[in-house]
Every structure is written in structure tokens, then in C-alpha cells.
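Residue numbers (my numbering), protein chains in the order written: chain A, 1 to 114; chain B, 115 to 256. For reference, the structure discussed in these notes is given below.
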């Protein structure tokens, strides 16, 4: 009889799962709101914290770095880029862009295998 | 009754053997970087500020060029941080460049890592038409 491992632990970065986690955290925090300068501090902290909590609940052997940028819609342009020195086989990143009528939110997650 | 007691023979560690056979690397079981090899925040920060100043000095926001600037800054900073030779560190560099039009923007980051070994460095630059933020994260590989 073969040994049945039970659930296989993901040891490579799975972009889709992380992307869903990010989307949920953004929508739960700033879902229906309009840009408010006095609240933006708290929103970015909340987005990032929720994201990180959900990611750690996935229980995978990864270290995570989550960054979020919230910007008011004003016609201004924004660019982000990242360059990483890591192990391509196991590590990965996921960037999600979300918007509503008054603001943009860009969240990047880097996952580095232990 | 003869009792014999033998002193345990001491073996020389194999690292000192000078055989011409293939050298098998021994595991070091190192799980923490040496204090001298830790991620150096201030050195990395000075690299970041130099690279940004070189790339963006006297430039105005140009939507066609901005993509190239972000990628160039990222790659240059990564190469220079690699040259600092932090052993067993993985590096992630993120660069954000935006246009200054009087709008508000807020950037935050949070990390789930080992705060004894991992660290980050960041710097920003603004002029009349651009703002730029670069963050470098160093994560130790056990």
C-alpha cells in the first residue's frame, strides 16, 4: 500500500491564490469608499495588514513582503517596476491593480521560499 | 586481570586533509548570518540615492520614458546591491515613479519575515514633476 501524504504542501509560489487574497483584502478595506486624505493612512495600513494575515493563514513555508500604493485619481501617471535576485523555481511575486471612481490601489506581494 | 584502557583516538577534522581527491563540501549548518555579513541598510540606501539621482536628475515626467526609467533603476540598484556580496541573501527591489500633479498618494509595506536576519532600505526623490520611491528588501536564505 502506498503511503498517502494527505495534502501536498505548496513549495512554489502560486500566483493565483495570492492574487485572490489580495483582491479580497482590498475590497474588504476600501471597497466602496471615495478617496479621503485623512483616512488614506489607515487604509493603506489595513490593506497591507489584512493581506499579510491572510497570506500567513495559507500556512506555506514562505516569507512575504507586501507593499501597497493608494493614489488619488487626478490624471497623473504612475509606474512601478521590480527587479529581484532570488531562486526562480520557488520564489515569485504578484502585483494587482485595483481602481474605483476616485482612486487607484496597487498591491505587490513578494513570496520568498524558506 | 589486565585492564586495558584506551584513550580515544582524536581525529583531525577532514578539512585539513590535503588529498587530491574531489573535495566534498561539508554542510555548515549556518542559520544566521555573521554579524559582519548582515544586510547593511545604510550602504544600500546610499546606493539607491545615487542611482535615482543619476537617472532622474533634471528630468520631467514623460509617459513614454517612465517605464524605461523604472526598469533601469530597478536593474541598476539590484546589480549594485549584488556587488556588495551579502552572502545567502535574496534581494527584491521595487521602484515606483509617479507624476506630481497635486494629488495625494500613500505607500505602505509590511513584511512577514525573520527580523533578526532580514531587513530593508528605502529612499525617495522628488522634483517639480516627478516623485520616485525605491525600496530594497533583503531576505536571508536558510
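Using N, Cα and C, we set each Cβ at its ideal position, and we do this for glycine too.
- For residue 157 of chain B, the uninterrupted alpha helix (DSSP H) run begins and ends at 155 to 170, by DSSP.
- Among the bridge pairs identified by DSSP, residue 58 of chain A is matched with none.
- Per the C-alpha coordinates, the member of B/196, B/165, B/139 and B/200 positioned closest to residue 246 of chain B is B/165.
- Collapsing the DSSP output to three states places residue 80 of chain A in a strand.
- Proximity of residue 230 of chain B to chain A, defined by a Cβ-Cβ separation below 8 Å, is not satisfied.
- The straight-line gap separating the alpha-carbon atoms of residue 141 of chain B and residue 70 of chain A is approximately 46 Å.
- Residue 149 of chain B counts as exposed, since fewer than 16 other beta carbons sit within 10 angstroms of its beta carbon.
- Sequence-distant partners of residue 214 of chain B (beyond 5 residues in either direction) whose C-beta falls short of 6 Å from its own C-beta, in its chain, are 243 and 245.
- Contact annotation: the segment 54 to 66 of chain A does not touch the segment 165 to 180 of chain B, with fewer than three C-beta pairs closer than 8 Å.
- For residue 205 of chain B, the chain A residues whose C-beta falls within less than 7 Å of its own C-beta are 84 and 85, listed in chain order.
- At a beta-carbon threshold of 9 Å, the residues of chain A lying near residue 211 of chain B are 77, 78, 79, 80 and 81, ordered along the chain.
- The beta-carbon of residue 174 of chain B is placed no less than 8 Å from the nearest beta-carbon of chain A.
- A direct Cα-to-Cα measurement between residue 46 of chain A and residue 159 of chain B gives close to 27 Å.
- For residue 183 of chain B, the enclosing alpha helix (DSSP H) begins and ends at 177 to 197.
- Beta-carbon to beta-carbon, residue 13 of chain A and residue 65 of chain A are separated by about 12 Å, too far to satisfy the 8 Å threshold.
- Counting the other CB atoms within 10 Å of its CB gives residue 202 of chain B a total below 16, which places it among the exposed residues.
- For the 8 Å CB-CB criterion, residue 248 of chain B and residue 191 of chain B form a contact.
- Under the 8 Å criterion on CB atoms, residue 180 of chain B is classed as interfacial with respect to chain A.
- Within chain B, the residues 226 have their CB atoms less than 9 Å from the CB of residue 56 of chain A, given in chain order.
- Residue 94 of chain A places its beta carbon less than 8 Å from that of residue 18 of chain A.
- Only those residues of the segment 151 to 174 of chain B whose C-beta falls short of 9 Å from the nearest C-beta of chain A would be listed, and there are none.
- At least 8 Å separates the beta-carbon of residue 51 of chain A from that of residue 30 of chain A.
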